[in-house]
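One structure is given here, and the rest of the page talks about it.
Residue numbers (this note's numbering): 94 to 382.
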């Protein structure tokens with residue numbers, strides 16, 4: 094029995110480093126924050142001026158007196174995955190999370206065009222800065238997260254927003270590369286992803302083709318090289334897009350890039366907790382005072 098106990102203890106000792114190798118899941122993933130009756134968590138509907146209309150947004154505002162770090166979340170094409178679970182986790186962490194719909198998508202007025210989407214994202218940032226006191230926004234601690242086409246939006250808009258603390262791209266699609274596809278393949282892409290969009294399919298097909306070089310986010314590498322950047326890829330056929338951006342940023346001297354590849358689908362359907370944890374762990378030191 095004594096020898097068995099020694100063997101068991103040795104096995105546990107060997108297992109301990111393996112068990113500790115997995116990063117801890119942030120408590121915000123599974124724990125509600127303390128209730129603050131004076132400054133409760135709340136949801137606010139936003140009407141954000143952009144391009145002559147007001148696009149729809151929702152603020153998941155954190156409990157506490159604030160002001161709070163704030164993360165803007167950019168959805169993809171057409172945006173079936175809204176990342177609301179991520180928004181809630183960010184709010185539980187004590188940060189504001191902002192979702193929005195581009196012009197011409199999901200009820201936002203206007204005509205949908207790819208070229209407008211980075212403009213809309215920057216309009217959201219401008220709106221938050223202009224209304225910082227009302228909504229408890231710490232304008233010095235802001236970040237962006239984008240999924241799929243929203244990852245491209247995050248890169249394109251983030252390249253013009255040097256004051257952001259961090260950028261996160263997950264399963265990002267480089268819309269410049271999509272513009273390099275044949276017209277038939279572009280038409281197939283749009284046909285499979287244009288529900289809820291106020292636009293003709295042909296207009297979007299033509300727009301992609303006309304701006305292939307201009308919209309290649311690899312060309313923004315120099316502007317993105319100073320920002321802390323997290324690029325997460327998955328088994329969705331788009332990993333090369335993220336890898337090329339990372340390589341370009343590093344080539345021009347960017348040293349604040351972190352990457353990870355996770356064996357899951359485009360929407361991280363079976364790795365949502367993993368996604369939330371990775372985003373929070375990355376942003377934690379960057380959004381600290």
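Glycine included, every Cβ here is placed at the ideal spot set by N, Cα and C.
No experiment lies behind these values; they were computed from the predicted model shown.
Start and end residues, beta strand (DSSP E) containing residue i
i: residue 345; result: Unbroken run through residue 345: none, as it is neither H nor E.
i: residue 375; result: From DSSP, residue 375 is part of no beta strand (DSSP E) but of the alpha helix (DSSP H) over 365-379.
i: residue 331; result: Element bounds for residue 331: n/a, residue is neither H nor E.
i: residue 353; result: 350-355
Endpoints, alpha helix (DSSP H) assigned at residue i
i: residue 296; result: 294-303
i: residue 246; result: 242-251
i: residue 225; result: 225-228
i: residue 200; result: Looking at the DSSP string, residue 200 is not in any alpha helix (DSSP H), and its letter there is neither H nor E.
i: residue 184; result: 177-185
i: residue 158; result: Unbroken run through residue 158: none, as it is neither H nor E.
i: residue 314; result: 314-317
i: residue 269; result: 268-272
Buried or exposed by the 16-neighbour rule on C-beta atoms within 10 Å, applied to residue i
i: residue 140; result: exposed
i: residue 123; result: exposed
i: residue 328; result: exposed
i: residue 226; result: exposed
i: residue 239; result: buried
i: residue 111; result: Since pLDDT at residue 111 reaches only 45, below the 50 mark, its modelled position is unreliable, and the value read off the structure follows with that caveat. Answer is exposed; the Cβ neighbour count stays below 16.
i: residue 345; result: exposed
i: residue 276; result: exposed
i: residue 369; result: buried
i: residue 113; result: Its pLDDT being 49, under 50, residue 113 is placed unreliably by the model, and the measurement read from it follows with that caveat. Result: exposed.
i: residue 132; result: exposed
i: residue 145; result: exposed
i: residue 96; result: Residue confidence is low: residue 96 scores 45 on pLDDT, short of 50, so the model does not pin down where it sits. No coordinate-derived value is stated.
i: residue 156; result: buried
i: residue 341; result: buried
i: residue 382; result: exposed
i: residue 362; result: exposed
i: residue 281; result: exposed
Strand pairing of residue i, partner residues [DSSP]
i: residue 263; result: 240, 325
i: residue 289; result: In the DSSP output, where bridge partners are listed per residue, residue 289 has none listed.
i: residue 168; result: None; residue 168 has no bridge partner.
i: residue 152; result: 137, 191
i: residue 235; result: 163
i: residue 146; result: 143
Local conformation of residue i per DSSP, three classes
i: residue 129; result: coil
i: residue 309; result: coil
i: residue 212; result: helix
i: residue 218; result: helix
i: residue 257; result: coil
i: residue 174; result: coil
i: residue 122; result: helix
i: residue 284; result: helix
i: residue 117; result: coil
i: residue 278; result: helix
i: residue 320; result: coil
i: residue 360; result: coil
i: residue 382; result: coil
i: residue 336; result: helix
Exercise. Is the stretch 290-299 in contact with the stretch 216-235, if contact means three or more CB pairs nearer than 8 Å?
Worked result: no
Problem set entry | At least 3 beta-carbon pairs within less than 8 Å: the stretch 249-259 vs the stretch 212-221 | yes
Exercise. Three or more beta-carbon pairs under 8 Å between the stretch 345-357 and the stretch 164-180, yes or no?
Worked result: no
For this session: Indicate whether the contact test is met: 3 or more Cβ pairs, each with one atom in the stretch 189-205 and one in the stretch 254-267, closer than 8 Å.
Result: no
Exercise. Do the stretch 297-305 and the stretch 369-382 meet, that is, are 3 or more Cβ pairs less than 8 Å apart?
Worked result: no
Problem set entry | Meets three-Cβ-pair contact criterion under 8 Å: the stretch 307-319 and the stretch 264-271 | yes
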